[in-house]
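Going line by line, the protein sequences match chains A and B.
Under numbering that gives the first Met the number 0, the residue at position 23 of the first sequence is numbered 22, and the numbers go up by one with no gaps.
Under numbering that gives the first Met the number 0, the residue at position 58 of the second sequence is numbered 57, and the numbers go up by one with no gaps.
Some notes on the structure that comes next.
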Amino acid sequence: MDSILRAAAIYAGLLLIMRITGKRSLAQITTFDFILLLLISEATQQALLGEDFSMTNAFLVIITLVSLDIGLSLLTFRSSLLSRLINGTPLVVVENGVPLRERMNKARLSESDIMEEARRTQGLERLDQIKYAVLEKGGGISVIPKQQA
Amino acid sequence: MAYRDLEIDEEMGFQRVGWRLERVGWVVFALIIVAALAGLCGPGPLSSSTTREGSVEVQYDRLLRLEAQVTLAVTGVPEGGELHVTLSSAYLEDVRIEEVIPEPASVETAADHVVYTFAAAADAEELRAVFVAKPERIGRLRGEAGVEGGPSVSFTQYVFP
């Protein structure tokens with residue numbers, strides 16, 4: 000019983016913390032983001048397992064976490080409000096080559112972040128070649144280039 | 000905002016509320032860090048407490064964490080080369096004593112408390128016994144520590160999950 004409650008509490012706590020932290024922080028953009036992710040999992044591990052290192056406990060915890068995730072995905076699939084609450088919404092940050100500054104500031108996104116993605120995924124050179132750039136729910140940036148005339 | 004050829008479920012109203020809540024969350028994070036540094040989330044400056052009752056002094060933490068080691072120190076005046084420190088049995092059911100420093104010469108169980116007998120040097124004016132304990136239950140713990148036949152101190156501790 001204890002391990003199920005622990006897993007549920009940690010799942011809920013991490014969900015809340017990650018939502019507050021913002022989508023970009025742990026999207027593994029820099030090497031340090033990746034290290035931070037490892038550190039967080041390390042810090043969680045003890046509280047998740049307690050002093051019980053049995054296989055029964057490990058599987059109970061895993062099954063609980065996975066079940067919560069399935070449950071949450073079912074709920075967010077049915078309710079768009081819940082989906083927006085938990086996963087957030089995508090955000091357009093560049094429109095027809097014009098950066099939407101206010102949105103970028105709020106989302107802590109710089110022009111160079113967008114250009115990096117534009118170079119990497121589309122091979123673009125300048126901001127004005129971008130038709131749309133969208134900050135997706137997961138923290139990634141999608142770049143849609145203007146059609147070449 | 001509507002985009003001519005971009006099919007997207009963007010929702011600015013929701014996004015703005017989200018940003019505001021995000022910033023409220025950051026402030027809450029900062030407050031939690033400050034509170035933890037001050038000792039409001041477990042042992043720390045604001046949590047530690049010392050209570051004196053006659054010749055007995057008990058030093059303890061008011062806020063503990065489940066399964067995290069803490070110390071409880073009882074200082075008393077030895078008589079005839081011995082100090083008999085008592086701890087209430089109810090308290091000992093809620094915490095696990097990992098270590099007692101110095102090593103007690105004997106441990107005896109009485110009706111509602113346990114007596115730890117420490118040997119003291121003949122000229123010792125005070126003896127300080129330290130109990131290293133791990134709380135095993137979440138919530139409010141009540142304990143009583145003192146010297147047998149002498150004064151005792153009642154204390155309350157709160158254990159965080």
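Even glycine gets a Cβ: it sits at the ideal position worked out from N, Cα and C.
All figures in this text were calculated on a predicted structure; none of them were measured in a lab.
For a contact meaning CB atoms closer than 8 Å, what does residue i contact in chain A?
i: Phe-13 (chain B); result: Arg-83 and Thr-88
i: Tyr-157 (chain B); result: Those do not exist, as Tyr-157 (chain B) stays about 18 Å from chain A at its closest Cβ, beyond 8 Å.
i: Tyr-2 (chain B); result: Val-91, Glu-94 and Tyr-131
Please list the partners that residue i has in chain A, where partner means a Cβ-to-Cβ separation under 7 Å.
i: Glu-78 (chain B); result: Correct list: empty, because the minimum Cβ distance to chain A is about 41 Å.
i: Glu-183 (chain B); result: Only positions 0 to 160 of chain B appear in the structure, and residue 183 (chain B) is not among them; the question remains open.
i: Gly-24 (chain B); result: Ile-19
i: Gly-17 (chain B); result: Gly-87
By the 10 Å Cβ neighbour count, where 16 or more other Cβ atoms means buried, how is residue i classified, buried or exposed?
i: Ile-61 (chain A); result: exposed
i: Met-54 (chain A); result: exposed
i: Asp-60 (chain B); result: buried
i: Arg-5 (chain A); result: buried
i: Ala-35 (chain B); result: exposed
i: Ser-79 (chain A); result: exposed
i: Ile-140 (chain A); result: buried
i: Phe-58 (chain A); result: exposed
i: Gly-85 (chain B); result: The identity of residue 85 (chain B) in the sequence shown is Thr, whereas the question assumes Gly. Result: buried.
i: Lys-22 (chain A); result: buried
Per the DSSP calculation, residue i is bridged to which residue(s)?
i: Ile-96 (chain B); result: B:Ala-132
i: Val-16 (chain B); result: According to DSSP, Val-16 (chain B) bridges with nothing at all.
i: Phe-117 (chain B); result: B:Leu-82
i: Arg-139 (chain B); result: B:Tyr-157
i: Asp-60 (chain B); result: B:Ser-47
i: Val-60 (chain A); result: DSSP output for Val-60 (chain A) lists no bridge partner at all.
i: Ser-151 (chain B); result: B:Gly-145
What residues from chain B crowd round residue i, counting only those whose CB sits closer than 8 Å?
i: Glu-50 (chain A); result: Glu-66
Against residue i, what residues of chain B qualify as contacts under a CB-to-CB distance less than 7 Å, listed in chain order?
i: Ile-39 (chain A); result: Result: empty, since nearest Cβ-Cβ is about 14 Å, beyond 7 Å.
What in chain A is Cβ-close to residue i, meaning under 9 Å?
i: Asp-8 (chain B); result: Ser-79, Arg-83, Thr-88 and Pro-89
i: Leu-5 (chain B); result: Val-91, Glu-94, Lys-130, Tyr-131, Val-133 and Ile-143
Among residues of its own chain, excluding the 5 on either side of residue i, which ones have a beta-carbon nearer than 8 Å to its beta-carbon?
i: Glu-110 (chain A); result: Pro-98, Met-103 and Leu-126
i: Glu-66 (chain B); result: Lys-133, Pro-134 and Glu-135
i: Val-188 (chain A); result: A question about residue 188 (chain A) goes unanswered here, because the residues of chain A that appear run from 0 up to 148.
i: Ala-7 (chain A); result: Thr-63 and Leu-67
Which residues in the same chain as residue i place their Cβ atom closer than 6 Å to its Cβ, once the five residues preceding and following it in sequence are excluded?
i: Ser-151 (chain B); result: Glu-143 and Gly-145
i: Thr-70 (chain B); result: Val-129 and Val-131
i: Glu-102 (chain B); result: none
Given residue i, which residues of its chain have a CB within under 7 Å of its CB, disregarding the five upstream and five downstream residues?
i: Asn-95 (chain A); result: Lys-130
i: Asp-93 (chain B); result: Pro-134, Glu-135, Arg-136 and Leu-140
Return the residues of the stretch 101–122 of chain A that lie within a Cβ-Cβ distance of less than 9 Å from chain B, sorted by chain order. Arg-102, Lys-105 and Ala-106
Which residues, in order along the stretch 124–140 of chain A, keep a beta-carbon less than 8 Å from a beta-carbon of chain B? Tyr-131 and Val-133
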